[in-house]
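Structure first, commentary second.
Chains as they are written, first to last, in the working numbering: chain A, 71 to 556; chain B, 9 to 450.
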């Protein structure tokens, strides 16, 4: 018999595992209603009660205070005495059985609360017994639990009809029905069927009387079981939809990363359709990691960059040209510098022990080109001019992925509006700031002091977007900037 | 497989009721702070109350002329309407705190700042006049109450008060649909989840009772008649030591969020069964000044998914089946207790209703938002039920107004101290308590 099995298990729990078995814990664990759990415990006490301590709940009106309904916990030995406090009949039920009564009553609550916490922490799509209160003795079909996350709004004035329209926001209407019984239509049986199951509601409909007519309840219980099974399926479907939605963007993420791994080849990535900045940030990080692997190959090159910069520029410019398209199209390009075409990442690896974002690379190259030889600079400018006449060198401050404020000089292009704004503002500043930038870059490379960042707030003041988009490219100072000063 | 037993006992259905929130006046919506001072809220209060009092004065003493403070003439009886100001010797003053740093004498902290030398002053936009006489007792009144005074100016320049007229209870609207069946509202206050002095088992028993887990069928049948639960403030207690502005270690961070999560789990259990309103209190993570804005719904990620869960302002006003219920989490009455004298909390509550102002000591000694064009605490329609939370003990009384208004006053005790909640029957406005006891001597 199932009951016997449960009783055995209770015995094991109480004696061997020294656990407090409260009726609530029992009901959730063995998926029985609270009333049934209490009966089980009573049976347990009757048949195997010796050797265990029992805690009872006593409830009733107090003798000493007739307008006070009192509910108290009392241990077995004190039961009769406690009953005297009550006026007339008081209801006695088993609350819990345990090996011994704990000193602190709150210890009775622990096992139950741990169980409640576990149920609470389950994913939102799961409708568990905590969330729908299925084991209690009182049903409330007007409770709606929105499993998709955002709550049903309650601000709207309540409509008279209890029909549930599909949008979530009018769910609150179901809670409030007019007092006239004739208007009450029970739209759904289960308390946890959300608006995403409209067909369910139409199939399971019954009249519901607000005063709790008992004869309807049995029918409803049976229906409820049916209905409970269905929403689970529905919700799973829902969940699948959601997860697949996420999966879509995730696959894009990996798709982009693998595409980026082919560095030298021209990548005409068409990831314009991912506007999500977080995805792009992840893409950058992953691409970054990929990039770092191959950029480490370039390290040796970087050291000699100064000398080879002239020739390398053109080569690297070509390489980076591909990246910039990839990188900046999916990101919300609030403040990104337009990467100089054809700059590669090599030199940055020298100073930075951390992961290098792609974007870092390109501007640094630009800095280098800026800092090294004037003629290089001129060359760059000359080169730049025919290639993309709207690119300018601009001083930008941004927050890197570690939250450091970084000031750097970047080339910027004409792709986005913010860049345009930048271009206009920084046009005037570029020349002045070239020098300040070297000073900034000579600041300790790991931690940019705030002063360095603040050194260019006037530039950035009109471009608040820059700072916000700063999760992209931290530009770090370049060791070669030393050489320019000297 | 659901694995659910079908009970031989039929499941009960919970009763329903119509709910309408009337919290719009308490929500800060379009107000912008432009650096204004509190004079505007006082002026709005005076203006509204004076209009009202002028209309009442014509019935009260029709033959006595009404004038402003500056228009007082010595020896001439007249009626003046204005805001009372109580000059209190012991009222804490910022200058005292400054001098505390300078002087060696320690400041004495008082629970109640009254002093025999306190005197009242009446002020309107034209001027102020000191009030004399024995009719107006300074121990009863507080700063911020608008009244009409009948008296005359003495030679000393005081105004000798002969009689006082308060606004009285506001007009009350009869509930259109008188409920013929018993429907109960449960008022809880001062749960203080997470506090070392609170007993979580006690609150769990309450939750189990309300949601229909505890008790036999008869009891559950009565519980099925509970249609609404109101939690009136101080639902969490976050350890104060963590709130001193220092950076928290990661283990401390979980201590910070545990009380709220515990509350959320319990609220989820309640919301799954019955509509619940939660109001912020003085210890809750909400703004300090009245009207306190609703607790952020993201504090309760579990409960907010329910359409039965509502986060409300403090003060909170709503209608349930046509019965108008208004109440606060206790700050208004607690402040009155500091600056005036009364028999019990209910007497202070009665006074606020008669003064037609929920919190007359705002903004003087109780923080409130500097409204510019209105005073949201003015009571325009008399509620049927008026509750105050976080009080020391339970109390209830019916207040009768001069025009037949009937108000049920409820003083809700702190649950963490008393284990008691208040249950109101919407049908006849009768109250009883529900108390929980978990200490079993073993």
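Glycine included, every Cβ here is placed at the ideal spot set by N, Cα and C.
Please read all numbers here as calculations on a predicted model, not as lab measurements.
What's the gap between the Cα of residue i and the Cα of residue j?
i                      : j                      : result
residue 247 of chain B : residue 199 of chain B : 15 Å
residue 424 of chain B : residue 175 of chain B : 37 Å
residue 198 of chain A : residue 51 of chain B  : 55 Å
residue 155 of chain B : residue 320 of chain B : 31 Å
residue 255 of chain B : residue 261 of chain B : 9 Å
residue 334 of chain B : residue 142 of chain A : 31 Å
residue 268 of chain B : residue 306 of chain B : 11 Å
residue 82 of chain A  : residue 432 of chain B : 44 Å
residue 78 of chain B  : residue 135 of chain B : 6 Å
residue 459 of chain B : residue 94 of chain B  : Only positions 9 to 450 of chain B appear in this structure, which leaves residue 459 of chain B out of reach.
residue 225 of chain B : residue 106 of chain A : 12 Å
residue 194 of chain A : residue 420 of chain B : 35 Å
residue 118 of chain A : residue 211 of chain A : 38 Å
residue 85 of chain A  : residue 120 of chain A : 11 Å
residue 398 of chain B : residue 322 of chain B : 13 Å
residue 151 of chain B : residue 356 of chain B : 14 Å
residue 373 of chain B : residue 104 of chain B : 15 Å
residue 228 of chain B : residue 222 of chain B : 7 Å
residue 358 of chain B : residue 375 of chain B : 22 Å
residue 191 of chain B : residue 101 of chain B : 48 Å
residue 316 of chain B : residue 209 of chain A : 14 Å
residue 428 of chain B : residue 73 of chain B  : 52 Å
residue 27 of chain B  : residue 329 of chain B : 7 Å
residue 125 of chain A : residue 134 of chain A : 23 Å
residue 314 of chain B : residue 276 of chain B : 8 Å
residue 57 of chain B  : residue 144 of chain B : 19 Å
residue 65 of chain B  : residue 360 of chain B : 20 Å
residue 280 of chain B : residue 204 of chain A : 9 Å
residue 173 of chain A : residue 103 of chain A : 29 Å
residue 169 of chain A : residue 175 of chain A : 14 Å
Measuring alpha carbon to alpha carbon, tell me which of the options ends up nearest residue i.
i                      : options                       : result
residue 150 of chain A : A:138, A:166 and A:127        : A:127
residue 347 of chain B : B:303, B:135, B:103 and B:149 : B:149
residue 121 of chain B : B:426, B:136 and B:97         : B:97
residue 200 of chain A : B:343, B:363, B:324 and B:310 : B:310
residue 274 of chain B : A:161, A:189 and A:477        : A:189
residue 178 of chain A : A:129, A:549 and A:145        : A:145
residue 300 of chain B : B:264, B:258, B:385 and B:257 : B:385
residue 69 of chain B  : B:43, B:88 and B:53           : B:88
residue 90 of chain A  : A:192, A:547, A:171 and A:213 : A:171
residue 5 of chain B   : B:353, B:396, B:332 and B:318 : No information on residue 5 of chain B is available, as it lies outside the stretch 9 to 450 that chain B covers here.
residue 327 of chain B : B:240, B:259 and B:193        : B:193
residue 109 of chain A : A:93, A:122 and A:157         : A:93
residue 422 of chain B : B:434, B:280, B:443 and B:56  : B:443
residue 282 of chain B : B:264, B:158, B:265 and B:231 : B:231
residue 55 of chain B  : B:90, B:293 and B:314         : B:90
residue 475 of chain A : A:547, A:481, A:138 and A:88  : A:547
residue 170 of chain B : B:180, B:53, B:49 and B:139   : B:139
residue 390 of chain B : B:396, B:383, B:371 and B:366 : B:366
Which residues share a DSSP beta bridge with residue i?
i                      : result
residue 415 of chain B : B:407
residue 139 of chain A : A:131 and B:442
residue 428 of chain B : B:443
residue 394 of chain B : B:334 and B:417
residue 166 of chain A : A:92 and A:125
residue 144 of chain A : A:126
Next on the checklist: Can you confirm whether the stretch 337–347 of chain B touches the stretch 288–299 of chain B when touching is taken to mean that 3 or more C-beta pairs between the two stretches lie within less than 8 Å?
Outcome noted: Touching, yes, given that three or more Cβ pairs across the two stretches are closer than 8 Å.
Item to check | Cβ pair count under 8 Å reaching 3, the stretch 73–90 of chain B against the stretch 403–413 of chain B | outcome: With the cut-off at 8 Å, the stretch 73–90 of chain B and the stretch 403–413 of chain B do not touch.
Checklist entry - Does the stretch 33–41 of chain B come within contact of the stretch 368–386 of chain B, defined as at least 3 CB pairs closer than 8 Å? => result Flag = yes, the stretch 33–41 of chain B and the stretch 368–386 of chain B touch.
Next on the checklist: For the structure I just gave you, are there three or more beta carbon pairs, one from the stretch 238–247 of chain B and one from the stretch 195–213 of chain B, closer than 8 Å?
Outcome noted: These segments touch.
Checklist entry - Are the stretch 129–141 of chain B and the stretch 18–36 of chain B touching, with three or more C-beta to C-beta distances below 8 Å? => result The stretch 129–141 of chain B, when compared against the stretch 18–36 of chain B, does not touch it at the 8 Å Cβ threshold.
Next on the checklist: Whether or not the stretch 214–234 of chain B and the stretch 173–192 of chain A are in contact is what I'm after, with contact meaning three or more pairs of Cβ atoms, one per stretch, closer than 8 Å; do they touch?
Outcome noted: The stretch 173–192 of chain A, when compared against the stretch 214–234 of chain B, does not touch it at the 8 Å Cβ threshold.
Next on the checklist: Measuring CB atoms only, is the stretch 421–438 of chain B touching the stretch 395–407 of chain B, in the sense that at least three cross pairs come out at less than 8 Å?
Outcome noted: With a cut-off of 8 Å, the stretch 395–407 of chain B and the stretch 421–438 of chain B count as touching, because enough Cβ pairs lie within range.
Next on the checklist: Give the list of continuous alpha helix (DSSP H) stretches no shorter than 4 residues that lie fully inside the stretch 181–267 of chain B.
Outcome noted: Qualifying alpha helix (DSSP H) stretches, in chain order: 208–219 and 225–231.
Checklist entry - Along the chain, which unbroken stretches of the alpha helix (DSSP H) at least 4 residues long are found entirely within the stretch 93–173 of chain B? => result List check, alpha helix (DSSP H) in window: 102–110.
Item to check | Entirely enclosed alpha helix (DSSP H) segments - the stretch 169–218 of chain A, minimum 4 residues | outcome: Counting only runs of 4+ residues, the alpha helix (DSSP H) found wholly inside the stretch 169–218 of chain A occupies 177–191 and 199–202, in chain order.
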